[in-house]
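Reviewing the structure listed below.
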Amino acid sequence: MSSTMESLHTPLAPPAAPPARHAGLSDDARVRIYQLVLLALFLGLWEGLTRVPYLIKNTFLDPFFISRPSLIAEQLWAWTFGAQAGFLMPHLASTLGATLLGLAVAGVTGFAAGLVLSQNPILARTLNPFIVCCNSLPRIAMVPLITMMFGLGLLAKVVTVWFVVFFLIFFNTFKGSLSVEKHILQFCQTLGGSPRQILWSVRVPSALAWTFAALPNAISFSLVGVVIAEFVGTTTGMGYLIVSSLSTLNASEMFAAITVLGLCGVGLVSLAERLERRLLRWSPQFNER
Amino acid sequence: MRVMIRLDGVGKTYSSKATRHTAIGSVSLEIAQGEFVCVVGPSGCGKSTLLNMVAGFQPATAGAITVNGVPVQPGAVPQGLGYLFQKDTVLPWLTVEQNVGLGLRFAHLQPDRIAEKVQGLLKLANLEPYAGYFPYQISGGMRQRTALLMTLACDPQVLLLDEPFGALDSHTKINLHRELHEIWRQLGQTIVMVTHDLDEAVALADRVIVLSGPPSRVLLDHPIDIPHPRDPYAVRETDAFGQHLKAIWAVLGREYQRTPDGTRSVTGAAA
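From first to last, the protein sequence lines stand for chains V and H. Each residue of the first sequence is one higher than the one before, counting from 15 in my numbering. Each residue of the second sequence is one higher than the one before, counting from 2 in my numbering.
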């Protein structure tokens, strides 16, 4: 009886909050867990399906074509610490070196060109159709020509990357530099800023935010550019590994090389994001937590 | 009386192939050194254009403007002229402190001299605790205060204010009125402020200029003889304030009725 009375007089409890499923886990940790689950699922399916005899016989799910994660891992081990230890590094270094160098050259020239053209409307309008034309060229199809012109080494790779990435950086910087509002430029003029001072203290920082937005794509395209240049004519680099594994019909080698490239892309982009976060720490977009 | 800003028959006509629109008919004004003048008028009457022409941002199509005796050249900001916009003008990638010092860095001052001067200014506006903050971390009122300090750092003799408090809430506005008034009393700049807020104009100014709708001209040049120092808030309670407000509104209100949204004469002016 007393318990009934008590329950009658107890004020209504607020509705129980749904139990937090990942109580105590930060969003970062959850994202990491989801990523690992997704990766495990993908690798597991790949590994499992390429072991089903029916599928191997009747579909492309045949380790002869697409290898399988365990074989790829074995190949990577062999290249790094196993039977062929030291084989991978020179190729990787060659590809990464060309990528970073190409990226640096394209970044600096694209940024400079974007700034210069944003300051010269007449020049920008004059060059516009030519720039659009160059940007519409099938650059990948021109890689053999670039190789003929610049030889089989580093230079051809860097030129290819430059040709692919320059426009990305250029267009973003150009837009970013023009996006500075007029009244801000006028205000800085009243503070006594010369055109050169205003360029460096207003246009450059505000363009930089836009340039960084192009960087993830620029990095990925750089890697693609280098590898394609390596397809055509070199004896080093990840692209060369892919081509040579194709010619010996070794799917594990090819996918091992592709895996390394993918990891490079993820690594470089995350480095770039870190740099962006640091340089653009004034921007609310990196502080909304 | 030393004339600081002189406008002599200043006009502004926008011409395109099809239309000609006279925004400013003919405005002649003399503003004395150390005077605080507010300019009011219906929207679209060219108040901001007038300020822009004094600052050299836009060329006048008729008449002449001199600041401190020197003719204003379009494209060049007159020496010793500061300008405060309604829109945000602090640079988002600089801290409050760095923003305030921007003009001093433009002038190539020694870093320790800059730091010293910036500290003094931050103290003046009670922004010291926010010196290291980025603009996105502070309120709109604080950003506008920072912009005012950026201007003051350059020791302007003339301050042009284009609806500087238009985007702020009324409490912030009143605080900033007091600060601005105090700064003006201490430093004695010549101030020309464009505003929509007649109360603000009467509370702050020595003189209120009423412009007509386009093609605009001076309808009324009304001195506010309430003695200084005034408290820009408390002054609103006085009889004198009400009388000035009434006298100005008698002219301005009629003008608002003539051009309720300031657009009628725009279409009428096409020729």
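Using N, Cα and C, we set each Cβ at its ideal position, and we do this for glycine too. Every value quoted in this text rests on a predicted model; they were computed, and no experiment measured them.
For TYR137 (chain H), the nearest beta carbon of chain V is closer than 8 Å to its own beta carbon. The beta carbon of ARG82 (chain V) sits closer than 7 Å to those of TRP60, GLU61 and THR64, all from its chain and outside the five residues before and after it, given in chain order.
By the criterion of a C-beta distance shorter than 7 Å, PHE37 (chain H) is surrounded in its chain by TRP185, ILE192, LEU205, ALA206 and ASP207, once the five residues flanking it on both sides are discounted.
Residue range 21–33 is occupied by the beta strand (DSSP E) that includes HIS22 (chain H). Contacts with chain V at 8 Å (Cβ-Cβ) include VAL78 (chain H). Using a Cβ-Cβ distance cut-off of 8 Å, the region 170–184 of chain V and the region 225–240 of chain V are in contact, since at least three pairs of beta carbons, one from each stretch, lie closer than that value. At a Cβ-Cβ threshold of 8 Å, LEU85 (chain H) and LEU162 (chain H) count as neighbours. Residues are counted here when their Cβ sits less than 7 Å from a Cβ of chain H; for the region 189–203 of chain V these are HIS197, ILE198, GLN200, PHE201 and GLN203, given in chain order.
In the displayed model, ILE183 (chain V) falls within a helix according to three-state DSSP. Neighbours of GLN211 (chain V) in chain H, taken as residues whose beta carbon is under 9 Å from its own, are ARG106 and PHE107 in chain order.
By the C-beta criterion, the region 207–224 of chain V is judged not to be in contact with the region 268–277 of chain V, since fewer than 3 inter-stretch pairs fall below 8 Å.
Going by C-alpha positions, VAL73 (chain H) is about 10 Å away from ILE6 (chain H).
From the beta-carbon of TYR131 (chain H), no residue of chain V is found nearer than 9 Å; the closest lies around 14 Å away. Cβ contact annotation for ARG291 (chain V) (same chain, cutoff 7 Å, sequence separation greater than five): PHE300, in chain order.
Within the region 82–113 of chain H, the residues whose Cβ lies closer than 7 Å to some Cβ of chain V are LEU82, GLY83, TYR84, PHE86, LYS88, THR90, LEU92, PRO93, TRP94, LEU103, GLY104, PHE107 and ALA108, listed in chain order. Three or more beta-carbon pairs separated by less than 8 Å are not found between the region 115–122 of chain H and the region 39–48 of chain H, which leaves the two stretches without contact.
Residue burial is scored here from C-beta neighbours: THR250 (chain V) has at least 16 other C-beta atoms within 10 angstroms and is therefore classed as buried. According to DSSP, THR14 (chain H) shares a beta bridge with H:THR23. Assignment of beta-bridge partners to THR191 (chain H) by DSSP yields H:VAL159. Of the candidates H:GLU31, H:LEU30 and H:GLY12, H:GLY12 places its Cα closest to the Cα of HIS22 (chain H). Interface annotation, ALA116 (chain H): not in contact with chain V, CB-CB separation never under 8 Å. In the three-state scheme derived from DSSP, where H, G and I count as helix and E and B as strand, PHE37 (chain H) is classed as strand. At a beta-carbon threshold of 7 Å, the residues of chain V lying near CYS155 (chain H) are LEU205 and GLY206, ordered along the chain. The alpha-carbon of ILE210 (chain H) is positioned some 41 Å away from that of VAL218 (chain V). Nearest to PHE78 (chain V) by C-alpha distance, out of V:GLY281, V:SER259, V:SER284 and V:TRP296, is V:SER259. Identification of chain V residues near ALA56 (chain H) by a Cβ-Cβ cut-off of 7 Å yields THR204, ordered along the chain. Distance from the CA atom of PHE226 (chain V) to the CA atom of ALA127 (chain V), rounded to whole angstroms, is 16 Å.
Around the C-beta of GLN145 (chain H), 16 or more other C-beta atoms lie within 10 Å, and the residue is accordingly described as buried.
By the CB criterion at 8 Å, GLY10 (chain H) and ALA63 (chain H) fall inside the cutoff. Under DSSP, THR67 (chain H) shares a beta bridge with H:ARG7 and H:PRO72. Among the CB atoms of chain V, one or more fall inside 8 Å of the CB of MET151 (chain H). For VAL219 (chain H), the enclosing beta strand (DSSP E) covers residues 219–224. Residue-level contact by beta carbon fails for TRP91 (chain V) and chain H, as no gap is shorter than 8 Å.
If the five residues before and after ARG106 (chain H) are omitted, its C-beta is found closer than 8 Å to the C-beta atoms of ILE115, all from its own chain and listed in chain order.
Put simply, the region 123–141 of chain V touches the region 184–195 of chain V. At least three CB pairs are less than 8 Å apart. Non-local C-beta neighbours of ALA77 (chain H) in its own chain, meaning closer than 8 Å and more than five positions away in sequence, comprise GLY57, ordered along the chain.
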